[in-house]
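Visitor:
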DNA sequence: GTGAAAGCGCTAACAG
DNA sequence: CTGTTAGCGCTTTCAC
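Chains as they are written, first to last, in the UniProt record's numbering: chain A, 1 to 322; chain B, 1 to 322.
1. Determine, using beta carbons only, whether residue 274/A comes closer than 8 angstroms to chain B.
2. Could you tell me which chain A residues have their CB closer than 7 angstroms to the CB of residue 48/B, listed as they occur along the chain?
3. Taking only the alpha-carbon atoms, compute the straight-line gap between residue 156/B and residue 105/A and give it to the nearest angstrom.
4. Compare the C-beta of residue 59/B with all C-beta atoms of chain A and state if any pair is closer than 8 angstroms.
5. Work out the CA separation of residue 218/B and residue 246/B for me, nearest whole Å.
6. Taking CB distances under 8 angstroms as the criterion, tell me whether residue 132/A reaches chain B.
7. Could you check whether the Cβ of residue 79/A sits closer than 8 angstroms to any Cβ belonging to chain B?
8. Would you call the region 36–52 of chain B in contact with the region 206–216 of chain B, where contact means no fewer than 3 C-beta pairs closer than 8 angstroms?
9. For chain A, find out if any of its Cβ atoms is closer than 8 angstroms to the Cβ of residue 51/B; answer yes or no.
10. Under 8 angstroms, with one C-beta from each stretch per pair, do the region 142–154 of chain A and the region 3–12 of chain B reach the 3-pair mark?
11. Does residue 97/B come out as helix, strand or coil in the three-state DSSP assignment?
12. Contact defined as beta carbons within less than 8 angstroms: I believe residue 58/A pairs with residue 49/B. What is the distance between those atoms, to the nearest angstrom?
13. Pick from 229/B, 270/B, 320/B and 277/B: whose alpha carbon is nearest that of residue 254/B?
14. Restricting to Cα atoms, I'd like to know which of 318/B, 314/B, 286/B and 302/B is closest to residue 84/B.
15. Determine, using beta carbons only, whether residue 62/A and residue 123/A come nearer to each other than 8 angstroms.
16. Is it buried or exposed for residue 131/A, if we count other Cβ within 10 angstroms and need 16 for buried?
17. Can you list the beta strand (DSSP E) stretches of 3 or more residues lying completely in the region 268–292 of chain B, in chain order?
18. Between which residues of its own chain and residue 95/A is the CB-CB distance below 6 angstroms, once the five residues before and five after are set aside?
19. Quick one: which chain B residues come within Cβ less than 8 angstroms of residue 290/A?
20. Chain B partners of residue 224/A, CB-CB under 7 angstroms?
21. For residue 247/A, return the contacting residues in chain B, with the cut-off set at a CB-CB distance below 8 angstroms.
22. Leaving aside the five residues before and after residue 177/A along the sequence, list all residues of the same chain whose C-beta is less than 6 angstroms from its C-beta, in chain order.
23. Mind checking the region 78–98 of chain A against chain B and listing, in chain order, the residues whose C-beta falls within less than 8 angstroms of any C-beta there?
24. Across the region 287–306 of chain A and the region 74–92 of chain A, are there enough close Cβ pairs to call them in contact, namely three or more that are closer than 8 angstroms?
25. Can you name, in chain order, every residue of its own chain whose Cβ lies under 8 angstroms from the Cβ of residue 118/A, other than the five neighbours on each side?
26. Verify whether the separation of the beta carbon atoms of residue 180/A and residue 238/A is less than 8 angstroms.
27. Could you give the C-beta distance for residue 317/B and residue 72/B, rounded to a whole number, given that I count them as a contact under 8 angstroms?
28. Contact check, residue 281/B vs residue 315/B under 8 angstroms by CB: the rounded distance?
29. Residue 109/A touches chain B at which residues, Cβ-Cβ below 7 angstroms?
30. DSSP three-state call for residue 169/B: helix, strand or coil?
31. For a cutoff of 8 angstroms on Cβ pairs, would you count residue 243/A as touching chain B?
32. At the 8 angstroms Cβ level, is residue 300/B part of the contact set with chain A, yes or no?
33. My output table needs one value for residue 2/B: the three-state DSSP class, helix, strand or coil.
34. With distances taken from CA atoms, which of 248/A, 273/A, 233/A and 263/A is nearest residue 213/B?
35. For residue 270/B, return the contacting residues in chain A, with the cut-off set at a CB-CB distance below 8 angstroms.
36. Identify, in the order they occur along the chain, each residue of the same chain with its Cβ nearer than 8 angstroms to the Cβ of residue 60/A, setting aside the five sequence neighbours on each side.
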């Protein structure tokens, strides 16, 4: 690996001059610039990012902490973040935390020592108190952690109400909610939306536990449908659970959407892949990723002074399950 | 951010001593160690990884290049790699390349300047010539790039033959293959397996184009089935295509598996989510990720001297589509 | 316009 | 056992 010194020697100049042409700043005579560029090419010299980082205290990299890439909601999000960051010249360090606080904290410590320029985090476990001493920019994605941490998220509450309204509009009389995991921000918001909408319409509520995961959802749906044969509408906490429910319903020989209508939340690809195709509240996943990255970049570059919370609306997508 | 100098001053020792207790090497008196540790705690000091990297020419990070995290095959793979690396104290830099050679090369250059300790790459486009001048360890994952680059992959050829044999064993008389994209290693191998097995059984072959993607597969399946009503078995190049095919078949009112049997390749979760559940050749995805990471770590640590190629067998999983 | 030199924070000889 | 010091490769004053 050639160093700046090698280049300087070959070009017959000082390292300072090489540095100047490298960074395109300060005065340097056209002829010397030529010589230096020639030497750079000849040696196939690439400036050492680590040395640069040490001096500049910036690494041109950001950390991305998500619960689990294996959850179908995240690949698109990660892709969008990675892409936006890459275009801006930043590298992303990816971490799966499983929302384990200890692990998240360890990851953050690690990042600090690596001089990451910023952090995007998707987490329910982490709180403001764990973040407040951090001197690097951070943005919360998909969930709002606290008022003090900028965030980019979706209006889960309003989305849930829309979902319920659709079911009601389609004539459902008994609508159940397969809720997401307790203490998970998005799940609580969606539940709240369901409750409020149902109550405001004077309808009885039926809430079943779930955890955003397929198999549990199948089991729970079986239970739900045997306990209460009159349920004719289900609002699932997310698309994965909706798909699980559909499997269970199909197995029971109940016809969708004639006998029972079901709607999910998220808008992941899976919903268009199954039969019947799933109606859902589609989150603007790519936009979430992109926006959070841009916001973080703004903070990093000092272009953004005030604390911002962006909230997107989920879009109702009617397919064949309602 | 406190530095080693601050710690040294507070503890009343030299930086060398602090470094010694930090790295737990060399002699240091129990009492001084205590003092230093106390100072470290007091300042909440964390050694600067960048400075360390500069000196040691190692960053405790590795690069992972995949085509597209959005493709359902990759999340599990990435997860496995990230996990194994994390446990070994390494951070992973993730890149989506879309298999664009220029981009891959740029990514690799970038990584070199960042002193990554090794690279795991999933790619069909990159060749040995692009890698041969690299001085850092590299391992090819899921595809073999060349004899000179260590790799961890699956026996796609044999897997394909197994798939075809199952279809034949189940009584299929006319078996078509929905092939994956041209020039993609895995796709070519699976095609070859199909051809060889069919030929060895003296059966006529029917190959239809595809690109590992769902919508094209639906369209192509429609075409296939209208062109040739007698097809009673389909070996899809991967699970995603198989799911597309199933959608098309269902739409045509053809019953699976009675009238037509179908089998995929990969063993992604999607296959268990749809109805009917998909028979497939399951790749040991997590193992692939884990093994490639361990292999890379071995190269990094100099424990592995010889060039290794690990090949796993895909496992036949019979579900409801055959 | 250009070069010398200090220093980013750490590690590893080398002395003592 | 402990301290001094010379770098790792780069950027940036500050002279000239």
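Note that beta-carbon positions come from the ideal geometry of N, C-alpha and C, so glycine has one too.
Guide: Well, looking at it:
1. yes
2. 113
3. 41 angstroms
4. yes
5. 8 angstroms
6. no
7. yes
8. no
9. yes
10. no
11. coil
12. Their Cβ separation, rounded to whole angstroms, is 14 angstroms, which puts residue 58/A and residue 49/B out of contact at 8 angstroms.
13. 229/B
14. 286/B
15. no
16. buried
17. 279–282
18. 65 and 107
19. Those within 8 angstroms of residue 290/A in chain B number zero; the least Cβ separation is about 14 angstroms.
20. The premise fails here: residue 224/A is roughly 19 angstroms from chain B at the closest Cβ pair, so nothing lies under 7 angstroms.
21. 273 and 275
22. 194, 207 and 235
23. 78, 79, 82, 83, 86, 91, 92, 93, 94, 95 and 96
24. yes
25. 62, 63, 136, 137, 138, 139, 296, 297, 299 and 300
26. yes
27. The Cβ separation is near 16 angstroms, so there is no contact.
28. 7 angstroms
29. 46
30. helix
31. yes
32. no
33. coil
34. 273/A
35. 270 and 273
36. 49, 53, 89, 90, 91 and 117
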